[in-house]
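What follows is a single structure, written as structure tokens, with notes after it.
Protein chains in written order, with the numbering used here: chain A, 1 to 202; chain B, 203 to 411; chain C, 412 to 644.
Shown next, in the form of structure tokens:
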């Protein structure tokens, strides 16, 4: 149990997918102007990551990795070069599926999160998480926990930036620094604050 | 049509200066920053992005009249993903050490918004030769920022440029120390923020925000 | 309907073309990639055994240096040298023995085990006396940069050099990564190295798998030590 808590703490605070690995920056910068929308996007990312991480884990484990097809008697086939294309397709398909299911069963949630879902397919943090879990050789539960933790880390980062940006409206920022430039500097400061967590010995 | 007509030059030049994909449109920084601690990784990443972006633009542009509209995004994505896989395989075969350094970040070119963005916004409407130039221009514009960030991070983080030590031992014995923050992630954010600021001050682009 | 058919046909064709292209690329480059991985392992073995060079090694240099100086020995669980063929693979271990002018200069063994975030892989080198540490190296790990990832740094690796694996009675005690600094007055100092502050789990993980890996090879190294002892008498 403690091991899984460690994975979450690590992926949220210490190796934050956004603040340390820079993944998911595009949507991070364009969505973080408003707190409400950033919460929406953050939740959608948590949701999609918690689903795609175990899905891609299973696909890699039983179809793509070296010797993964041995259950079908094809142990000599190594399809790991297809990893990237299969992962991104799985992500796109999952996002589509989630969108349809949400629309059918929870219209209220769909109204709030639905608009963010198409953005998520090309969010690097989703593909990045799937690739990391293969590289780190996680098992099924670890992958799911890691997916959830990465999503939570993204959520935390984007909501904190959005709240800080809200405050920035009252400050006198040089015109050419406004927008992306300032967002970058703020992210740097938040990232620096998060570095403080790396002293935690787990 | 002349490949180097002024209009075509503009296609390459615009994304390098006025319309830089990173600093103006904030696209594709995801995969970029993590590998900018050293210039050499940034250079290899740039080459990979330019290659993938140019070829994917050409392929999409060649197919543009035949792609069914319903599935165009997924087709674009498959083309890009395949090209990235090929780039990854080639690196693993011919530049093994570099491929170890780039790791998963090379794969993340797939979700680099520039690549899909240019396929959708430019290659779907333009001829292959223009698409090629557009791909090269955007790839280089992206690479220029990447290498600029890497330049400062390597200079202040390791005291070297492209692996060659520039700060001599005398400077170190005089009390100078490498700035560890540069190698860590906040350094990348600060430098990119400052570069965007400088670039925008030069091109006079102002966000409404 | 027509357009649906067209969509399906188009998608299928694209998929087939891309699939063929990718398989062809992967297949044609596979051999080179496998070779690269092997060379990388060989490079690591050479460097842990103390082979150094100013300029980076070329592939040919690695290959020729390795072929000339490194001898792969396979041993079974009781430390007897076995032939590569005809034995249970799981119960055999490989030792990389370096020699110059027919004189053994060191032994390297593969080590691997859990760090904080994942498995760490590396090599551990021992002097010909089979009790003094010659070096340690890691070629793959996922430890936190700045903390656990320091295992890869020279200051940490150099601490191992010259430490003793065995106590006065010739029993294996391995090397322990402790928390904090090793004090000079500690009688067990030859078996301890300074830990990395903030990375306790990486250190204890390393201590654990180093010991269990060394134990696998102990039957062989015990024999080496007793032979050395007889020769010195």
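We put the CB at the ideal spot given by N, CA and C, even for glycine.
Cβ of residue i within 8 Å of any chain A Cβ
i: residue 291 (chain B); result: yes
i: residue 203 (chain B); result: For residue 203 (chain B), the predicted model reports a pLDDT of 44, less than 50, meaning its position is unreliable; a value from the coordinates is still stated below. False, the Cβ-Cβ gap to chain A never drops below 8 Å.
i: residue 524 (chain C); result: no
i: residue 596 (chain C); result: no
i: residue 639 (chain C); result: no
i: residue 530 (chain C); result: yes
i: residue 301 (chain B); result: no
i: residue 447 (chain C); result: no
i: residue 416 (chain C); result: no
i: residue 388 (chain B); result: yes
i: residue 431 (chain C); result: no
Any chain C beta carbon closer than 8 Å to residue i
i: residue 63 (chain A); result: no
i: residue 81 (chain A); result: yes
i: residue 137 (chain A); result: yes
i: residue 257 (chain B); result: no
i: residue 240 (chain B); result: no
i: residue 246 (chain B); result: no
i: residue 263 (chain B); result: no
i: residue 270 (chain B); result: yes
i: residue 403 (chain B); result: no
i: residue 288 (chain B); result: yes
Option nearest residue i by Cα separation, candidates the options
i: residue 264 (chain B); options: B:271, B:329 and B:216; result: B:329
i: residue 545 (chain C); options: C:469, C:570 and C:579; result: C:570
i: residue 535 (chain C); options: C:466, C:459 and C:487; result: C:459
i: residue 347 (chain B); options: B:298, B:402 and B:268; result: B:402
i: residue 600 (chain C); options: C:527, C:577 and C:617; result: C:577
i: residue 250 (chain B); options: B:393, B:289 and B:301; result: B:289
i: residue 432 (chain C); options: B:287, B:246 and B:245; result: B:287
i: residue 125 (chain A); options: B:306, B:388 and B:217; result: B:306
i: residue 64 (chain A); options: A:135, A:83, A:94 and A:52; result: A:83
i: residue 34 (chain A); options: A:113, A:164, A:69 and A:138; result: A:164
i: residue 486 (chain C); options: C:632, C:643, C:638 and C:575; result: C:632
For residue i, the first and last residue of its enclosing alpha helix (DSSP H)
i: residue 480 (chain C); result: 470 to 480
i: residue 115 (chain A); result: Element bounds for residue 115 (chain A): n/a, residue is neither H nor E.
i: residue 464 (chain C); result: Note, residue 464 (chain C): premise wrong, no alpha helix (DSSP H); not H, not E.
i: residue 389 (chain B); result: 387 to 405
Host beta strand (DSSP E) of residue i (start-end)
i: residue 535 (chain C); result: 530 to 537
i: residue 554 (chain C); result: Neither: residue 554 (chain C) is in no beta strand (DSSP E) and is coded neither H nor E.
i: residue 356 (chain B); result: Careful: residue 356 (chain B) lies outside any beta strand (DSSP E), inside the alpha helix (DSSP H) at 330 to 360.
i: residue 628 (chain C); result: Careful: residue 628 (chain C) lies outside any beta strand (DSSP E), inside the alpha helix (DSSP H) at 611 to 643.
i: residue 525 (chain C); result: 514 to 525
i: residue 327 (chain B); result: Note, residue 327 (chain B): premise wrong, no beta strand (DSSP E); not H, not E.
i: residue 509 (chain C); result: 504 to 511
Sub-8 Å separation of residue i and residue j beta-carbons
i: residue 550 (chain C); j: residue 628 (chain C); result: no
i: residue 541 (chain C); j: residue 635 (chain C); result: yes
i: residue 506 (chain C); j: residue 621 (chain C); result: no
i: residue 345 (chain B); j: residue 320 (chain B); result: no
i: residue 416 (chain B); j: residue 239 (chain B); result: No answer is possible for residue 416 (chain B): it lies beyond the span of chain B, which begins at 203 and ends at 411.
i: residue 151 (chain A); j: residue 39 (chain A); result: no
i: residue 235 (chain B); j: residue 390 (chain B); result: yes
i: residue 318 (chain B); j: residue 122 (chain A); result: yes
i: residue 312 (chain B); j: residue 88 (chain A); result: yes
i: residue 48 (chain A); j: residue 98 (chain A); result: yes
i: residue 367 (chain B); j: residue 361 (chain B); result: yes
i: residue 180 (chain A); j: residue 42 (chain A); result: no
i: residue 526 (chain C); j: residue 554 (chain C); result: yes
i: residue 244 (chain B); j: residue 352 (chain B); result: yes
i: residue 217 (chain B); j: residue 339 (chain B); result: yes
8 Å Cβ cutoff, residue i in contact with chain B
i: residue 9 (chain A); result: no
i: residue 643 (chain C); result: no
i: residue 437 (chain C); result: yes
i: residue 120 (chain A); result: no
i: residue 172 (chain A); result: no
i: residue 104 (chain A); result: no
i: residue 549 (chain C); result: no
i: residue 167 (chain A); result: no
Residue i at chain F interface by Cβ criterion, 8 Å
i: residue 175 (chain A); result: Judged by its chain identifiers, the structure shown contains no chain F, and its protein chains are A, B and C.
Three or more C-beta pairs below 8 Å linking the stretch 6 to 23 of chain A and the stretch 142 to 159 of chain A: At 8 Å Cβ cutoff, the stretches touch.
Cβ pair count under 8 Å reaching 3, the stretch 413 to 427 of chain C against the stretch 266 to 282 of chain B: Short answer: they touch.
Meets three-Cβ-pair contact criterion under 8 Å: the stretch 443 to 457 of chain C and the stretch 291 to 300 of chain B: Yes: at least three Cβ pairs fall under 8 Å.
Three CB pairs or more closer than 8 Å across the stretch 49 to 58 of chain A and the stretch 125 to 139 of chain A: Flag = yes, the stretch 49 to 58 of chain A and the stretch 125 to 139 of chain A touch.
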